[in-house]
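Chains as they are written, first to last, in my numbering: chain U, 114 to 224; chain C, 48 to 161.
A short write-up of the structure that comes next.
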Amino acid sequence: QKEVEQNSGPLSVPEGAIASLNCTYSDRGSQSFFWYRQYSGKSPELIMFIYSNGDKEDGRFTAQLNKASQYVSLLIRDSQPSDSATYLCAGGSGGYNKLIFGAGTRLAVHP
Amino acid sequence: DTEVTQTPKHLVMGMTNKKSLKCEQHMGHRAMYWYKQKAKKPPELMFVYSYEKLSINESVPSRFSPECPNSSLLNLHLHALQPEDSALYLCASSLRSGEIGEQYFGPGTRLTVT
Chain U
114 QKEVEQNSGP LSVPEGAIAS LNCTYSDRGS QSFFWYRQYS GKSPELIMFI YSNGDKEDGR
174 FTAQLNKASQ YVSLLIRDSQ PSDSATYLCA GGSGGYNKLI FGAGTRLAVH P
Chain C
48 DTEVTQTPKH LVMGMTNKKS LKCEQHMGHR AMYWYKQKAK KPPELMFVYS YEKLSINESV
108 PSRFSPECPN SSLLNLHLHA LQPEDSALYL CASSLRSGEI GEQYFGPGTR LTVT
């Protein structure tokens, strides 16, 4: 059974701090990883994707992938109250189109 | 532009009704998806269309019937649904088919079955 695991939270951080969201996966064949942000009552929004080991930065977001440890993370720098949402980690294997989602981590950024 | 549109935004239907959900994308994406999402749960894959052909059916009950009339459109026909089918129905698309790539979600249709 291929699984992606996330701590459900809530993860509470003060405004301006770094929020660190983590995800582990069981399928060593997974090659691509995605972070989605979902506000309450809205649809998931793709904010980062990473395909290679190492770090990938986009604005205040950094995705990190460590295939040896089967670990993916998302760092949000200078967290804002508007970052308060559920963050979904998803992984996929090549060859077909199916993503495996984690349960999501709820992030709360307080002023 | 990564826009996927869905109509209607909200739908209330009785258990004997027949209704359809519609999804559209004009990004030239070759794979389109239907997901179902219950409250506080991640999206759950229902169907995948690859180059307008059904490639994955995640053992979805036959009261849900997908259709892909062309490369830009995806429909989900609903018939004789149960109250437990009430959920947010999400459409997504991705550029490539047959390999994992970025999937972009539409705004969803909030379905209530009475």
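Even for Gly, the Cβ is constructed at its ideal location relative to N, Cα and C.
Checking the DSSP bridge columns, you'll see Arg141 (chain U) has no partner listed.
Distance from the CA atom of Glu114 (chain C) to the CA atom of Ala132 (chain U), rounded to whole angstroms, is 41 Å. For the pair of segments examined, the stretch 204–220 of chain U was found to touch the stretch 137–149 of chain C: the number of CB pairs separated by less than 8 Å reaches three. Taking the beta carbon of Leu137 (chain C) as reference, the chain U residues within 8 Å of it are Ser156, Pro157, listed in sequence order. With respect to chain U, the C-beta atom of Tyr151 (chain C) has a partner C-beta closer than 8 Å.
Residue nearest to Met74 (chain C) within the set C:Leu158, C:Gly153, C:Thr159, C:Phe94 is C:Gly153 (criterion: CA-CA distance).
The C-alpha of Gly129 (chain U) lies about 19 Å from the C-alpha of Asn135 (chain U). Look at Leu92 (chain C): its C-beta is under 8 Å from a C-beta on chain U. Listed along chain C are Gly148, Glu149, each with a C-beta nearer than 9 Å to that of Phe162 (chain U).
Distance from the CA atom of Arg141 (chain U) to the CA atom of Lys180 (chain U), rounded to whole angstroms, is 8 Å. Rounded to whole angstroms, the gap between the alpha carbons of Val160 (chain C) and Lys56 (chain C) is 14 Å. Each residue's CA atom was taken as its position, placing Gln193 (chain U) and Arg173 (chain U) some 10 Å apart. Contact check for Ser133 (chain C) against Gln72 (chain C) fails: the beta carbons are separated by 8 Å or more. The DSSP-derived three-state label of Asp171 (chain U) is strand.
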